[in-house]
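A.B. asks:
Number of protein chains: 2
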Amino acid sequence: MSKAEPAVLFAALGDPTRLGLLARLADGGEYSIARLGEGLPVSRQAVAKHLDILQDAGFVRRRKSGREVQITLRREGIETARHWLDQVGAQWDGTLGRLRDLLEGDG
Amino acid sequence: MSKAEPAVLFAALGDPTRLGLLARLADGGEYSIARLGEGLPVSRQAVAKHLDILQDAGFVRRRKSGREVQITLRREGIETARHWLDQVGAQWDGTLGRLRDLLEGDG
DNA sequence: CATATGAGCAACCAGGAGGTTGCCTATATG
DNA sequence: CATATAGGCAACCTCCTGGTTGCTCATATG
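The listed protein sequences derive, respectively, from chains E and W. If you're matching positions, the first sequence starts at 0 in numbering that gives the first Met the number 0 and goes up one per residue. If you're matching positions, the second sequence starts at 0 in numbering that gives the first Met the number 0 and goes up one per residue.
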């Protein structure tokens, strides 16, 4: 699943543990679940659940390899979330927004 | 409160109702709470709570005006969230250090 | 083959999130 | 002044979320 509603996307980002996982994955490397969880104060199961959520949101990819599962970052997912923020931020951000402000009489 | 941990930021975005509110605010206009809630299938109280969360995350600003409260979008908040996504989405080119700072620095 | 290890599954639990309703205050307005 | 309207506060409820533990399966490794 790589297409998810925006709220689901952001909800997936709305947890410090998951942000930590993404940060660790941000170097583009492949990590097994156990290795991703190293140092974190939660069980492996918890990490696996977080990865489920990140995967459903399209932020990571699982690849089975032997008895391990290799996790990688999916930058397209990040891109999608960023795009949404652009939409909300841009309209008011650009000159059009400013113009509109002037026209609608705040100035 | 305009400085919030990244997870709090994204968590605030992780709800369809709140995204709807932000989308409505994206035109740069001022909206009273009641007006923001118009058409939504939730009570005014629920909207107010959502706005609390959005405000804590730094996405909106409240301005009291008479018996109403005018809500406006806070672009800087959006910007902050987008910045974070930029860090994670960026390829391995040295931005990673900054990402670590963001996550571990203020935790 | 025996055993250790990575990962999935399921049941379960506590706390927080989103929602409601009721009541109160303050500001407009007839 | 009386009344309608915009919001805030607080109690309360339900369900989801993040977490755990226990068990099983599959794959490496001695």
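Here a beta-carbon is modelled for each residue, glycine too, at the ideal position from N, C-alpha and C. From a predicted model like this one, the values you see are computed outputs, not experimental measurements.
1. Would the beta-carbon of E/GLN69 fall within 8 Å of that of E/SER31?
2. Based on DSSP bridge pairs, tell me the residues matched to W/GLN44.
3. Could you give the residue range of the beta strand (DSSP E) that holds W/GLU75?
4. Could you tell me the boundaries of the alpha helix (DSSP H) in which E/ARG34 lies?
5. Between the segment 11-30 of chain E and chain W, which residues of the former have a C-beta closer than 7 Å to a C-beta of the latter?
6. At which residues does the alpha helix (DSSP H) containing W/ARG60 begin and terminate?
7. Are the C-beta of W/ALA80 and some C-beta of chain E separated by less than 8 Å?
8. Between the alpha carbons of W/ALA25 and E/ARG23, how many angstroms are there, rounded?
9. What are the residues that DSSP puts in a beta bridge with E/GLN69?
10. Listed in chain order, which residues of the segment 35-65 of chain W have Cβ atoms closer than 8 Å to some Cβ of chain E?
11. Any beta carbon from chain W within less than 8 Å of E/ARG73's own beta carbon?
12. Identify, in the order they occur along the chain, each residue of the same chain with its Cβ nearer than 6 Å to the Cβ of W/LEU12, setting aside the five sequence neighbours on each side.
13. For the pair the segment 40-56 of chain E and the segment 82-91 of chain E, tell me if three or more CB-CB distances fall below 8 Å.
14. Might you give, ordered along the chain, the residues of its own chain that have their beta carbon closer than 7 Å to the beta carbon of E/ALA56, omitting 5 neighbours on each side?
15. Given a threshold of 16 other Cβ atoms within 10 Å of its Cβ, counted over all protein chains shown, does E/ARG17 qualify as buried or as exposed?
16. Cβ atoms of W/LEU72 and W/LEU21: under 8 Å apart, would you say?
17. State the Cα-Cα distance for the pair E/ARG81 and W/GLU78, rounded to the nearest angstrom.
18. Pull up the CB-CB distance for E/GLY38 and E/VAL46, whole angstroms please, since I reckon it's below 8 Å.
19. Could you say which of E/GLN44, E/PRO5, E/LYS63 lies nearest to W/PRO15 if we only look at CA atoms?
20. Against E/ALA6, what residues of chain W qualify as contacts under a CB-to-CB distance less than 7 Å, listed in chain order?
C.D. replies: Working from what's here:
1. Counting from 1 along the first sequence, the entry for residue 69 of chain E is found at position 70. Counting from 1 along the first sequence, the entry for residue 31 of chain E is found at position 32. It is a contact, given that the beta carbons lie within the stated cut-off.
2. Here residue 44 of chain W refers to the residue found at position 45 of the second sequence. Beta-bridge pairing links W/GLN44 to no other residue.
3. Within the second sequence, numbered from 1, the residue matching residue 75 of chain W stands at position 76. No beta strand (DSSP E) holds W/GLU75; the alpha helix (DSSP H) holding it covers 74-88.
4. Counting from 1 along the first sequence, the entry for residue 34 of chain E is found at position 35. E/ARG34 -> alpha helix (DSSP H) spans 32-36.
5. Residues LEU12, GLY13, ASP14, PRO15, LEU18, GLY19, LEU21, ALA22, ALA25, ASP26, GLY27.
6. Walking along the second sequence from the start, residue 60 of chain W turns up at place 61. That residue, W/ARG60, is in no alpha helix (DSSP H); its beta strand (DSSP E) goes 59-64.
7. Counting from 1 along the second sequence, the entry for residue 80 of chain W is found at position 81. Yes, W/ALA80 lies at the interface with chain E (some Cβ there is under 8 Å from its Cβ).
8. By one-based count along the second sequence, residue 25 of chain W stands at place 26. By one-based count along the first sequence, residue 23 of chain E stands at place 24. Each residue's CA atom was taken as its position, placing W/ALA25 and E/ARG23 some 33 Å apart.
9. The residue given as residue 69 of chain E occupies position 70 in the first sequence. According to DSSP, E/GLN69 bridges with E/SER31, E/ARG62.
10. Answer set for the segment 35-65 of chain W: empty.
11. What you label residue 73 of chain E is simply residue 74 of the first sequence in a count that begins at 1. Interface criterion not met: the Cβ of E/ARG73 is under 8 Å from no Cβ in chain W.
12. Within the second sequence, numbered from 1, the residue matching residue 12 of chain W stands at position 13. Non-local C-beta neighbours of W/LEU12 in its own chain, meaning closer than 6 Å and more than five positions away in sequence, are absent.
13. Output reads no: the segment 82-91 of chain E does not touch the segment 40-56 of chain E.
14. Reading the first sequence from its first residue, position 57 is the one you call residue 56 of chain E. Shown here for E/ALA56: same chain residues with a beta carbon closer than 7 Å to its own, the five before and five after excluded, namely ALA3, VAL7, LEU8, ALA11, GLY76 in chain order.
15. Walking along the first sequence from the start, residue 17 of chain E turns up at place 18. Buried: at least 16 other Cβ atoms inside 10 Å.
16. Here residue 21 of chain W refers to the residue found at position 22 of the second sequence. Here residue 72 of chain W refers to the residue found at position 73 of the second sequence. Taking 8 Å as the cut-off, the Cβ atoms of W/LEU21 and W/LEU72 count as close.
17. In the first sequence, counting from the first residue as 1, residue 81 of chain E sits at position 82. In the second sequence, counting from the first residue as 1, residue 78 of chain W sits at position 79. Distance between the alpha carbons of E/ARG81 and W/GLU78 is about 10 Å.
18. Here residue 38 of chain E is taken as the residue at index 39 of the first sequence, counted from 1. Here residue 46 of chain E is taken as the residue at index 47 of the first sequence, counted from 1. Contact between E/GLY38 and E/VAL46 is ruled out by a C-beta separation of about 11 Å, above the 8 Å threshold.
19. Locating residue 15 of chain W in the second sequence gives position 16, counting from the first residue. If you compare the alpha carbons of E/GLN44, E/PRO5, E/LYS63 with that of W/PRO15, the shortest gap goes to E/PRO5.
20. By one-based count along the first sequence, residue 6 of chain E stands at place 7. Correct list: GLY13, ASP14, PRO15, LEU18.
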